[in-house]
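For what it's worth, this note's numbering labels the leading residue of the sequence shown as 20, then goes sequentially.
Encoded as structure tokens, the structure appears first; notes follow it.
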Amino acid sequence: MAIQVVTTEQSTLFTIRTKHTTYQMKADEYGVLLHLWYGASVEGDMSYLLDYPDVGFSGNLYEAENRRTYSLNTLPLEYATEGVGDFRIPAVAATHADGSNALDLRYQSYNILKGKYAIAGLPAVYADEDEAETLEIVLKDTATDLQVTLRYGVLPELDMLTRCVSIQNLGTTPITLTKAASFCLDLPYGKWEWMHFHGRHAMERNLERTPLGHGTICFGSRRGTSSHQYNPAVILAEHGATEDSGACYGMLMVYSGNFLCEAEKDQFEQTRLLMGLNEELFSYPLAAGETFTVPEVILSYSANGLSELSQQYHKCIRDHVCRSKYVHESRPVLINSWEAAYFDFTGDTIVDLAKEAASLGIDMVVMDDGWFGKRNDDNSSLGDWQVNEQKLGGSLAQLIERVHEQGVKFGIWIEPEMVNEDSDLYRAHPDWAIQIPGREGSLCRNQYVLDLTRKEVRDYAYESVASILRSANIEYVKWDMNRQLSDIGSYGLPADRQGELYHRYVLAVYEMQERLVTEFPHLLLENCSGGGARFDPGMLYYSPQIWCSDDTDAVERLKIQESTAMIYPLSTMGAHVSDCPNHTVGRVTPFETRGHVALAGTFGYELDITKIPEEDRQMIPKQVAMYHKYNDLVRSGDYYRIASYQENHYFDCYEVVSKDKSEALVTFVQVINRPNYKSRRITLKGLDPQKNYCLEGEDTVYAGDTLMYAGILIQNPWGDFQSKLLHFVEKK
Ligand code: GLA
20 MAIQVVTTEQ STLFTIRTKH TTYQMKADEY GVLLHLWYGA SVEGDMSYLL
70 DYPDVGFSGN LYEAENRRTY SLNTLPLEYA TEGVGDFRIP AVAATHADGS
120 NALDLRYQSY NILKGKYAIA GLPAVYADED EAETLEIVLK DTATDLQVTL
170 RYGVLPELDM LTRCVSIQNL GTTPITLTKA ASFCLDLPYG KWEWMHFHGR
220 HAMERNLERT PLGHGTICFG SRRGTSSHQY NPAVILAEHG ATEDSGACYG
270 MLMVYSGNFL CEAEKDQFEQ TRLLMGLNEE LFSYPLAAGE TFTVPEVILS
320 YSANGLSELS QQYHKCIRDH VCRSKYVHES RPVLINSWEA AYFDFTGDTI
370 VDLAKEAASL GIDMVVMDDG WFGKRNDDNS SLGDWQVNEQ KLGGSLAQLI
420 ERVHEQGVKF GIWIEPEMVN EDSDLYRAHP DWAIQIPGRE GSLCRNQYVL
470 DLTRKEVRDY AYESVASILR SANIEYVKWD MNRQLSDIGS YGLPADRQGE
520 LYHRYVLAVY EMQERLVTEF PHLLLENCSG GGARFDPGML YYSPQIWCSD
570 DTDAVERLKI QESTAMIYPL STMGAHVSDC PNHTVGRVTP FETRGHVALA
620 GTFGYELDIT KIPEEDRQMI PKQVAMYHKY NDLVRSGDYY RIASYQENHY
670 FDCYEVVSKD KSEALVTFVQ VINRPNYKSR RITLKGLDPQ KNYCLEGEDT
720 VYAGDTLMYA GILIQNPWGD FQSKLLHFVE KK
């Protein structure tokens, strides 16, 4: 049993165990749910670590009477509230019918269920009945009928824990929720650094690590999507933790909209961490009997550094978040028309790409933006999903037939959540766009976001995609989303419910994607939002891959992909070989290096293969063969960072090791060469110390422990941006 509950007259002790971790809490003599422990496996009741100092200006619970050492402001709390004596950041806040804001949650009951809970309408970790357990703890406000259910999903073998919260109004008067976190984690001891991912368009998920000082710090999104700017993931690492040592906690929100992550270090160096819905512009009236469920957060802990933590997330996302049948399969190698032609193509261009693709071993051609309405630039036609037959030289079905005749598959781009001002759809239904009545909505890329919270709009948008897919044999869809939400207003919601729009929008996107994957179970779906603005586990519940970034430069991608892989498995990262000088940064890198870097993702091409230099073109069949040779290993192996260009500014090196440790692939990229210097020494990771290995094609035998402790030398290649793949195979 992963969950144990011990009840005495005084208290109820909850202990959750995974293979290497323990999580513990206690409902004490006052019914306050205290957090006792989350970390490495421990035995017994951890209440002995609770400290009860008499601290000035930290008030006491009414029932504690003269016990001035009992304060909500000093104790570690499992789900902190506001207004009743804890002055730290609250996890939940609500306004009652009388205008007051206090919540005093006390323990009521618990329930243990087999399997992992699911959340209606929201993506969440899934597991078989025998792989997981669920603990529910019910708390209730002392003065009102507001009830809070804390849910814990436990996947013991994976060392993963999920948390989500349902808030229910059991009273007769309305309550307005103004803040709702998925979890609260109080760590009374330790010196922590937090690592999170900031960025911008074409430069997503830069990793930043900073010590937590006193006060509150936060990051999050107010853009309606999880955003390029901040990813809904955070790692709390013990001061000095490295790839291979030190305690670290991960928190990852399964959500694709506005989120907020906050940390507070208090007067006693205690740390509180919260992650949940962004409170700004969030207000959710709960009528009598209504329930609101906060999306879930996936927690994990490693006592052995960052690599192990990353691997735990990779496994969890691959096996328990992504549901697509393609998640454990090699994806088709595709050529996408975007960087090859942008809007400047005809049906013949697509067929020419297909013809060339077939001769080079590429499996699929994807027609990107520009095939519908009168869209020859990004100023018009979103919403008018009628095929531009003049541009394509025939119907979509005819074009697809021509592509199939070349022996390649066909995929298509679509952006169903949007409408251009210059579109028939907007002219017919201006109120279908998200905007505040009486104000001009701000434009971005000349487009508005459709108000998908309205059923008729959602149905229209869904049918736009579905009818295209029903009309012909389309095996792949790139679902894009190229602006974020602002001017928040809906013609479909009453004035007092406008604060629900952001969240309802995300629920609507999930509903549409659920319909899509249900109606088209064989479709390979790739999510995208101006590159990687919605690279989050919520979207991965529907698609096995997400376009990682609009920056396809190999050197930039080293950084983006490395930081992304802190949490997300390589199998989820859309990565292509593109043209040079690179269209985003103007850098020129060797074709071979571009291939090696794209190998760490789903692999494909994004350039005009009919026009590239002959020597590059000739390399493509070898690259495709390389992808097929290594993809099983890359997709499912254990990933290790060996050297980071972000840290050393010269070179990058990462490794993927097969589960049975019989082979390992090392990718080495020398970003900047140095004159008159020694070779690089690389020490491998994750091998079997007892096994012997050879570099494929060579005879020298290395013991696993030797490769891991002593390593190998890689001589400096000549020039910048040079790369090498080293494939180690077991020598029996
Ligand atoms: C976004 C995507 C690109 C491309 C364009 C098309 O920016 O990230 O890959 O599809 O839209 O407009």
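For every residue, glycine included, the Cβ atom is placed at its ideal position computed from N, Cα and C.
This one's a predicted model, so the numbers in the text were calculated from it and none came from an experiment.
* To do: Closer than 6 Å by C-beta to serine 77: which residues in its own chain qualify, once you throw out the five before and the five after it? Chain order, please.
  => Ser90, Asn92, Thr93
* Asked: Where does serine 597 fall in DSSP's three states?
  -> strand
* **Cβ-heavy atom distance, glycine 232 to the ligand GLA, below 7 Å** => no
* If leucine 542 sits next to valine 496, beta carbons under 8 Å apart, how far is it from one beta carbon to the other, in whole angstroms? -> 6 Å
* Report buried or exposed for arginine 489, applying the criterion of at least 16 other Cβ atoms within 10 angstroms of its Cβ. => exposed
* Asked: For the ligand GLA, any of its heavy atoms closer than 7 Å to the Cβ of aspartate 499?
  -> yes
* In DSSP terms, what aspartate 774 is bridged to -> Coverage of the chain is limited to positions 20 through 751, which leaves residue 774 absent and any answer about it impossible.
* To do: Report the partner residues of arginine 523 according to the DSSP bridge assignment.
  => Arginine 523 is not bridged to any residue.
* Asked: Comparing the CB of tryptophan 566 with every heavy atom of the ligand GLA, is any distance shorter than 7 Å?
  -> yes
* **Local Cβ density within 10 Å of leucine 96, reported as buried at 16 or more and exposed below that** => buried
* Compute every distance between the C-beta of tryptophan 390 and the non-hydrogen atoms of the ligand GLA, then say whether any falls below 7 Å. => no
* Cβ of cysteine 599 versus every heavy atom of the ligand GLA: is any distance shorter than 7 Å? -> no
* **Endpoints, the beta strand (DSSP E) within which proline 304 is located** => 303-305
* Local Cβ density within 10 Å of leucine 732, reported as buried at 16 or more and exposed below that -> exposed
* Is histidine 339 buried or exposed, if buried means 16 or more other CB atoms sit within 10 Å of its CB? -> buried
* Could you tell me which of Ser343, Tyr524, His220, Ala199 sits nearest to glutamate 298, measuring between CA atoms? => Ala199
* Is glutamine 331 helix, strand or coil when you go by DSSP? -> helix
* Confirm the yes/no value for this check: CB of aspartate 555, any heavy atom of the ligand GLA, distance under 7 Å. => no
* What are the start and end residues of each continuous alpha helix (DSSP H) run of 4 or more residues lying completely inside the stretch 366-440, in chain order? -> 366-379, 408-411, 415-424
* Check whether the Cβ atoms of leucine 271 and isoleucine 586 sit closer than 8 Å, and answer yes or no. => yes
* Could you tell me whether the Cβ atoms of leucine 180 and leucine 305 are closer together than 8 Å? => no
* Can you check the stretch 51-132 for any alpha helix (DSSP H) of at least 4 residues that lies completely inside it and give the ranges in chain order? => none
* To do: For my contact list, arginine 224 and serine 582 are in at a C-beta cut-off of 8 Å; report their separation, rounded to the angstrom.
  => 4 Å
* Closest by C-alpha distance to valine 273, when choosing among Thr608, His258, Leu141 -> Leu141
* To do: Examine the Cβ distances between the stretch 137-156 and the stretch 547-565 and report whether three or more of them are shorter than 8 Å.
  => yes
* Asked: Just to check, is the beta-carbon of glycine 549 closer than 7 Å to a non-hydrogen atom of the ligand GLA?
  -> yes
* To do: Please state whether DSSP places methionine 44 in a helix, a strand or coil.
  => strand
* **heavy atom of the ligand GLA below 7 Å from aspartate 396 C-beta** => no
* Start and end residues, alpha helix (DSSP H) containing valine 484 -> 474-490
* Asked: Which residues in the same chain as valine 25 place their Cβ atom closer than 6 Å to its Cβ, once the five residues preceding and following it in sequence are excluded?
  -> Leu32
* Asked: Beta carbon of glutamate 315, beta carbon of arginine 182: below 8 Å?
  -> yes
* Quick one: is the Cβ of aspartate 570 within less than 7 Å of any heavy atom of the ligand GLA? -> no
* Compute the beta-carbon to beta-carbon distance between cysteine 599 and threonine 612, rounded to the nearest angstrom, for a pair I have assumed lies under 8 Å. => At roughly 10 Å, the Cβ-Cβ gap does not stay under 8 Å, so cysteine 599 and threonine 612 are not in contact.
* To do: Can you have a look at asparagine 85 and say buried or exposed, based on whether 16 or more other CB atoms are within 10 angstroms of its CB?
  => exposed
* Fully enclosed by the stretch 577-638, which alpha helix (DSSP H) runs are 4 residues long or longer? -> 610-617
* Asked: In whole angstroms, what is the alpha-carbon distance linking alanine 480 and phenylalanine 670?
  -> 45 Å
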